[in-house]
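Novice:
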Amino acid sequence: MRISPTLERILPGAITFAIGLGVWQIVSLFFLPVYFPGPGALAERMIALYGDPASYVVIGETLARIFEGFAIAMLAGTAIGLSMGRNHAVEVFFDSWIMVLLTFPAVCWAFLSVLWFGLSEAAPILTIVLIVLPFVALNIWEGTKAVDKDLLDMGKVYGADRRLMLRKILVPQLMPYIFSSLRIALSLSWKIALVAEAFGVASGVGQKLIYWFQDTRVDMMLAWGASFMIVMVLIDVIGFRWWARRAFAWRRHFAT
Amino acid sequence: MMSRAGTIGLRVGSILLLILLWWAASRLMHDPDVLPGPLAILHTIETDLTTPGPEGNSAFLHIGITLARIFIAFFASMLAGIGLGLAMGLSRVCERSLLAVIPLLLTTPTILMVFVAVLWFGYSEAGGLVAVMAVVTPYVTVNIYEGAKAMDGSLAAMAVTFRARQPLLVRKVYLPQLLPYIFSAFRFAFGMTWKIVALAETFGLKYGIGYMFFFWFEQFNMSQVLAWVIMFVVLMLILEHGVFARLERRAFAWRAAPAR
Amino acid sequence: MPPETTAQIVPGQRQGAAASPVIAVDRLTKRFAAPDAVGRFTVLDAISLTVEEGQFVSIVGPSGCGKSTLLNIIAGIEPYDGGSVRVSAPAGKVGTEPRIGYVFQSPRLLNWLTVQQNIEFVLEAQNVPRPRWRPLVAQYLDLVGLGGQERNYPLNLSGGMQQRVAIARALAIEPDILLMDEPFSHLDAITARKMRFDLVEILERAKPTILFVTHDLSEAVFLSDHVYMMSTRPARIFKHVPIAITRPRQPEDARIFDLEKTLIREFFSVVEARE
């Protein structure tokens, strides 16, 4: 029997997926849905969530905090990473701060931020910044070390000033690092936001998670978790794929 | 080019500056509950380490239990990850089925994993272990899988012509080729592990540093929270940079220095 | 002598002043720290040479003897440890610093910019007024035989074409001084020969001062007014040969061939004696 090549490619994955769903459903029959929801039960609750306009307010609050923290961390982190790449003294000075900051677990910052700022917006945003900024700085710094020195020399010989060098030589080479930092930073940011919200504020998806945790409702926890994960995955896929195509257009012209 | 002494000096200087800023901020705050200064915290740490804690347990008990959990979870995750990654590299079936599940596990936020594990396994060690493994194993697996894909097929083929069997193949042909990938996963996985253990201890376990975080947090005792945070961070820094960095350097000593 | 000195750039003197050499290198010395950090070894040892305005001067030596380092020092992107280096604008260009164009061994193009944008990059760096950009790009791309390639990306071009873009880039700023570091050594023999002819033709019109570095003695004899021969480790100039053969020159010219033979014999005897 002839199978079309596309079908041949997705069939094994699809079969595995279907088997997985089946196993899940069977196992769930042994438990109460509030304790171990099957695929159907979970889907039901998620649909209810998406259908309720109040959910979007909750999700919106979390998204706002994520993006604020993420933006600050990216901007400040990139600036610091760049200056670390340019100046050896700056590099040595900051790398110990970065090492220390990277060692702090999210939960520590979450606690400390709440103790300092109480149940306010600042707490989750600060938590995100304190964790993501060092990571971004480190990543961008690595990128500056990988810049082609020959091209920098060429620019110097032809008398390019600092701004021109930055625009035309440095930043294009840093784009892959900026790009990968952005993606990972966003992914970190939203997970941290959930932890911070669980302890620190009275709203948002994280707060829902801890609410249902304290109510021992695994089904609702998973429903909120999965619903939010889907939102973040969509943002990642749509946002970054589109941007990647534009930013790396010159690579597609590669003939060989 | 800065001399070695200059570099070390600058590093130490930057840490000292951080502590100085902390001290200045704490003085500005007046209220010792908001931001205790470095000296106060030092004193608190001293007290914690020398006298029995709030429930009659010494700080060393908590620290020891946390360390034990970290190491057990870390090794379990590494072993599982290496096994699964290798299996993915060798078997298409494994590859296909795990590829369907792993991205999901990698995207799931840690806190959700911890919550679910605690609710399913109760306040037990199993819960904490499951939570860590659910997050760290997929990460290690993906890393080792990349390494397995990059393995030299001709070497395995050669071994098979000499009738080598799986256990020998794994030990002498596969694992050595995976070593760089294992090492690269090692450090990052360790970093992830202790953060998850800290989180799991906060919610679901008795004893441990995370447990103490939450205990003092509930009492709004800033001094104690800071004291325990610092003890934890210092301990992890020593482990990360003292132990792991040294291991890494020795393991990669054979790599030729890159040409100028 | 402070260790991190770079070449001294001299703006143009007033009109009618006695022309000083455009490039004056006097007992230049450069040391590198050895990789095993035991002392420093000398790369360039008391190098002296001069280049007058409008001359084509070549430096010939085996690969790796420090010729690139010498050019980098003259271009001002590497410091030196002893002696002096003066780079002056031609007489008559009052008050302005000399314009230096550099063609490297590898094209060093910015692969994420089109050919046109690559040339515009150096025009912007040299503060050439924007309205002049398009005509300059078109003119010099035509000159190197790449008219019409403006919108293409470097990765789509062959090695020879990329190098020609690099030459067009160097010429587009209408340099007073053109530094060339073995620009044809990575090209196949046929392309390289064609490009040598093209270069001579191009320079007929533009007439910059040229310092050309190569390991190919016949190339040097064909192209230059003066040849300095260099030995290795440490690098020293051991001979200076003026080439009096009139232009235009044919590579098959007997005079060139004879001169080459003599120089080659001498060259190898010195270089081999050092081994």
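Chains as they are written, first to last, in the working numbering: chain G, 3 to 258; chain W, 147 to 406; chain P, 1375 to 1649. Heads up, the beta-carbon is just placed ideally off N, CA and C, and yes, glycines get one too. Bear in mind the structure is a predicted one, so any value in this text is a computation, not a measurement.
So residue 165 (chain W) is in the alpha helix (DSSP H); what residue range does that whole segment cover?
Specialist: Looking at the DSSP string, the run of the alpha helix (DSSP H) that includes residue 165 (chain W) is 150–175.
Novice: Could you check how far apart the C-beta atoms of residue 161 (chain G) and residue 1500 (chain P) are, in whole angstroms? I think they sit under 8 Å.
Specialist: About 6 Å; that satisfies the 8 Å criterion.
Novice: Let me check understanding here. Comparing Cα to Cα, which of P:1382, P:1405, P:1507, P:1483 lies closest to residue 1450 (chain P)?
Specialist: Of the listed residues, the one whose Cα sits closest to residue 1450 (chain P) is P:1382.
Novice: Counting contacts by CB-CB distance shorter than 7 Å, is residue 1499 (chain P) in contact with chain G?
Specialist: Answer yes: the Cβ-Cβ gap between residue 1499 (chain P) and chain G drops below 7 Å somewhere.
Novice: Does the Cβ-Cβ distance between residue 1558 (chain P) and residue 1569 (chain P) come in under 7 Å?
Specialist: Yes, the pair counts as a contact, with Cβ atoms nearer than the cut-off.
Novice: Counting only Cβ pairs nearer than 7 Å, list the residues of chain G close to residue 1474 (chain P).
Specialist: Result: 159.
Novice: First and last residue of the beta strand (DSSP E) that includes residue 254 (chain W)?
Specialist: It is not in any beta strand (DSSP E) - residue 254 (chain W) carries neither H nor E in the DSSP assignment.
Novice: Residue 141 (chain G): buried (16+ other C-beta within 10 angstroms of its C-beta) or exposed?
Specialist: The residue is buried, with at least 16 neighbouring Cβ atoms inside 10 Å.
Novice: With 16 other CB atoms within 10 Å as the buried threshold, where does residue 1616 (chain P) fall?
Specialist: Result: exposed.
Novice: Under 7 Å Cβ to Cβ from residue 82 (chain G), same chain only, skipping five residues before and after it: list those, please.
Specialist: 96, 139, listed in sequence order.
Novice: Provide the residue span of the beta strand (DSSP E) that contains residue 1616 (chain P), from first to last.
Specialist: Per DSSP, residue 1616 (chain P) belongs to the beta strand (DSSP E) from 1610–1616.
Novice: Between residue 295 (chain W) and residue 235 (chain W), is the Cβ-Cβ spacing less than 7 Å?
Specialist: Taking 7 Å as the Cβ cut-off, residue 295 (chain W) and residue 235 (chain W) qualify as a contacting pair.
Novice: Taking only three categories from DSSP, how would you classify residue 297 (chain W)?
Specialist: Residue state, collapsed to three classes: coil.
Novice: Using a Cβ-Cβ cutoff of less than 7 Å, which residues in the same chain neighbour residue 1459 (chain P) once the five nearest sequence positions on both sides are dropped?
Specialist: These residues qualify, in order along the chain: 1381, 1382, 1399, 1402, 1447, 1448.
Novice: Comparing the C-beta of residue 341 (chain W) with each C-beta of chain G, is any distance below 7 Å?
Specialist: Yes, because at least one Cβ of chain G sits closer than 7 Å to the Cβ of residue 341 (chain W).
Novice: Is the number of C-beta pairs between the region 258–277 of chain W and the region 44–54 of chain G that are closer than 8 Å three or more?
Specialist: The answer is no - the region 44–54 of chain G does not touch the region 258–277 of chain W, with fewer than three Cβ pairs under 8 Å.
Novice: Figure out for me which residue from G:241, G:230, G:239 has the closest Cα to the Cα of residue 48 (chain G).
Specialist: Of G:241, G:230, G:239, the residue nearest in Cα terms is G:230.
Novice: From P:1396, P:1394, P:1418, P:1599, pick the residue whose C-alpha is nearest to that of residue 1611 (chain P); which is it?
Specialist: Considering only alpha carbons, the answer is P:1418.
Novice: Can you pull the chain G neighbours of residue 117 (chain W), defined as C-beta to C-beta under 8 Å?
Specialist: A question about residue 117 (chain W) goes unanswered here, because the residues of chain W that appear run from 147 up to 406.
Novice: If contact means a Cβ-Cβ distance below 8 Å, which residues of the region 202–226 of chain G contact chain W?
Specialist: Of all residues in the region 202–226 of chain G, 208, 211, 212, 215, 218, 220, 223, 224 have a Cβ within less than 8 Å of some Cβ in chain W.
Novice: From the beta carbon of residue 226 (chain W), is the nearest beta carbon of chain G less than 7 Å away?
Specialist: No - not a single Cβ of chain G is within 7 Å of the one on residue 226 (chain W).
Novice: Counting only the same chain and skipping the five closest in sequence on each side, list residues whose C-beta sits under 6 Å from that of residue 1602 (chain P).
Specialist: Same-chain partners within the cutoff: 1423, 1433, 1611, 1614.
Novice: Give a yes or no on contact between the region 1476–1488 of chain P and the region 160–175 of chain G, applying the rule of three or more CB pairs nearer than 8 Å.
Specialist: Because the criterion of three Cβ pairs below 8 Å is met, the region 1476–1488 of chain P and the region 160–175 of chain G touch.
Novice: Going along chain P, which residues have a C-beta under 8 Å from residue 97 (chain G)?
Specialist: Here the premise fails: no neighbours, minimum Cβ distance about 23 Å.
Novice: Is residue 379 (chain W) close to chain G, meaning its C-beta is less than 7 Å from at least one C-beta of that chain?
Specialist: Yes, contact with chain G.
Novice: Can you grab the Cα-Cα spacing for the pair residue 78 (chain G) / residue 338 (chain W), in whole Å?
Specialist: Using only the alpha carbons, I get a separation of about 24 Å.
Novice: Determine which residues of the region 115–132 of chain G have a Cβ less than 9 Å from any Cβ of chain W, and write them out in chain order.
Specialist: The region 115–132 of chain G vs chain W, Cβ under 9 Å: 116, 117, 118.
Novice: Can the beta-carbon of residue 202 (chain G) be found closer than 7 Å to that of residue 125 (chain G)?
Specialist: Contact flag set, yes.
Novice: At the 7 Å Cβ level, is residue 1482 (chain P) part of the contact set with chain G, yes or no?
Specialist: Interface residue, yes.
Novice: Hey, residue 1496 (chain P) and residue 1576 (chain P): beta-carbon distance below 7 Å or not?
Specialist: Cβ distance not < 7 Å, so residue 1496 (chain P) and residue 1576 (chain P) don't count as in contact.
Novice: Are residue 1397 (chain P) and residue 1461 (chain P) touching if we call contact CB-CB under 7 Å?
Specialist: Yes.
Novice: Could you please give the first and the last residue of the uninterrupted beta strand (DSSP E) stretch that includes residue 1459 (chain P)?
Specialist: 1456–1462 is the span of the beta strand (DSSP E), which, as asked, contains residue 1459 (chain P).
Novice: Whole angstroms is fine: what's the gap from residue 386 (chain W)'s alpha carbon to residue 393 (chain W)'s?
Specialist: Distance between the alpha carbons of residue 386 (chain W) and residue 393 (chain W) is about 10 Å.
Novice: Assess contact between the region 200–218 of chain G and the region 20–29 of chain G, defined as three or more Cβ pairs (one per stretch) separated by less than 8 Å. Is contact present?
Specialist: Touching, no, given that fewer than three Cβ pairs across the two stretches are closer than 8 Å.
Novice: Check the Cβ-Cβ distances between residue 162 (chain G) and every residue of chain P, and say whether any is below 7 Å.
Specialist: True, the Cβ-Cβ gap to chain P drops below 7 Å.
Novice: Compare the C-beta of residue 1541 (chain P) against all C-beta atoms of chain G and say whether one is closer than 7 Å.
Specialist: No, because no Cβ of chain G sits closer than 7 Å to the Cβ of residue 1541 (chain P).
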